[in-house]
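Chemist: In the UniProt record's numbering, the protein residues as written are 1 to 176.
Beta carbons: idealized from backbone N, C-alpha and C, even for Gly.
As the structure is a computational prediction, the values presented were derived from the model and not from experiment.
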């Protein structure tokens, strides 16, 4: 789910590659640079993306993430070496702080919830900002459903082959 979320934002920011793992695909730090530029443009600069040295880019990525109050689960060395678990934790931390809604400057500001929501304009803005996430969640859920249906189909085929109709007991091997 985090990979889909990350790819959605980096694609919007202009990143051409697709991230398929949290090790080799992020070890140059470029995907992180695009992600942070998309989610926190107020803390990012063009040098974040333009930096060519992976170690230097990883340091700048971590400095930018600190401005978002992200806990440092990784070091620049961990990013460059492609530590999958630490990179996963880092992306989860970014997601927790900037899941896409908080960085979009949603207007109007809600101060009086019953009064502001009564007009419906706030709800329309929130729906507009969340429709891509809902689509992402639905497509992921559908994929899991299809996988489980396929697995249950295989299970029932196994049962049909190994337990004939009318048989109400489990066949046992005969002792020799």
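(1) What's the gap between the Cα of residue 23 and the Cα of residue 89?
(2) In the DSSP assignment, find the unbroken alpha helix (DSSP H) run with residue 99 in it and report its ends.
(3) Determine the closest residue to residue 37 out of 21, 15 and 27, with distance taken between C-alpha atoms.
(4) Helix, strand or coil: how does DSSP classify residue 149 here?
(5) Since residue 70 and residue 43 are thought to touch, with beta carbons under 8 Å apart, how far apart are those beta carbons, to the nearest angstrom?
(6) Can you confirm whether the segment 1 to 15 touches the segment 52 to 66 when touching is taken to mean that 3 or more C-beta pairs between the two stretches lie within less than 8 Å?
(7) Smallest Cα separation from residue 66: which of 13, 94, 86 and 85?
(8) Spatial neighbours of residue 55 within its chain, please: CB distance less than 7 Å, with the 5 preceding and 5 following residues excluded, ordered by chain position.
(9) How long is the line joining the alpha carbons of residue 73 and residue 150, rounded to whole angstroms?
(10) What is the rounded straight-line gap between the Cα of residue 10 and the Cα of residue 51?
(11) What did DSSP end up calling residue 4 once you bin it into helix, strand or coil?
(12) Helix, strand or coil for residue 74? Go by DSSP, reduced to three states.
(13) With distances taken between CB atoms, is the gap from residue 7 to residue 84 smaller than 8 Å?
(14) In three-state terms, what does DSSP make of residue 134?
(15) Pull up the distance between the alpha-carbon of residue 148 and that of residue 141, whole angstroms please.
(16) At which residues does the alpha helix (DSSP H) containing residue 62 begin and terminate?
(17) Classify residue 21 as helix, strand or coil using the three-state DSSP reduction.
Modeler: According to the data block:
(1) Here residue 23 is taken as the residue at index 23 of the chain shown, counted from 1. Here residue 89 is taken as the residue at index 89 of the chain shown, counted from 1. Residue 89 has its alpha-carbon roughly 12 Å from the corresponding atom of residue 23.
(2) Mapped onto the chain shown, residue 99 falls at position 99. It is not in any alpha helix (DSSP H) - residue 99 carries neither H nor E in the DSSP assignment.
(3) By 1-based counting over the chain shown, the position of residue 37 is 37. The option with the nearest alpha carbon to residue 37 is 15.
(4) The count along the chain shown starts at 1 and reaches residue 149 at position 149. Note: residue 149 maps to helix in three-state DSSP.
(5) Translated into positions along the chain shown, residue 70 becomes position 70. Translated into positions along the chain shown, residue 43 becomes position 43. Incorrect: roughly 11 Å between the Cβ atoms, too far for contact.
(6) no
(7) Counting from 1 along the chain shown, the entry for residue 66 is found at position 66. It is 94.
(8) Looking up residue 55 in the chain shown gives position 55. 76 and 80, listed in sequence order.
(9) Residue numbering aside, residue 73 sits at position 73 when the chain shown is read from its first letter. Residue numbering aside, residue 150 sits at position 150 when the chain shown is read from its first letter. Rounded to whole angstroms, residue 73 to residue 150 spans 38 Å at the Cα level.
(10) Locating residue 10 in the chain shown gives position 10, where the first residue counts as 1. Locating residue 51 in the chain shown gives position 51, where the first residue counts as 1. Cα to Cα, the separation comes out at about 17 Å.
(11) On the chain shown, position 4 is the one that residue 4 refers to. Residue 4: helix per DSSP, three-state reduction.
(12) Walking along the chain shown from the start, residue 74 turns up at place 74. In the structure shown, residue 74 sits in coil (DSSP, three-state: anything other than H, G, I, E or B).
(13) Position 7 of the chain shown holds residue 7. Position 84 of the chain shown holds residue 84. For residue 7 and residue 84, no; Cβs fall outside 8 Å.
(14) One-based indexing of the chain shown puts residue 134 at position 134. Reduced to three states, the DSSP call for residue 134 is helix.
(15) In the chain shown, residue 148 corresponds to position 148, counting from 1. In the chain shown, residue 141 corresponds to position 141, counting from 1. Between residue 148 and residue 141, the C-alpha separation is close to 11 Å.
(16) Residue numbering aside, residue 62 sits at position 62 when the chain shown is read from its first letter. Going by DSSP, residue 62 is part of the alpha helix (DSSP H) stretching over 54 to 67.
(17) Residue 21 sits at position 21 when you count from the first residue of the chain shown. Residue 21 falls in the coil class under three-state DSSP.
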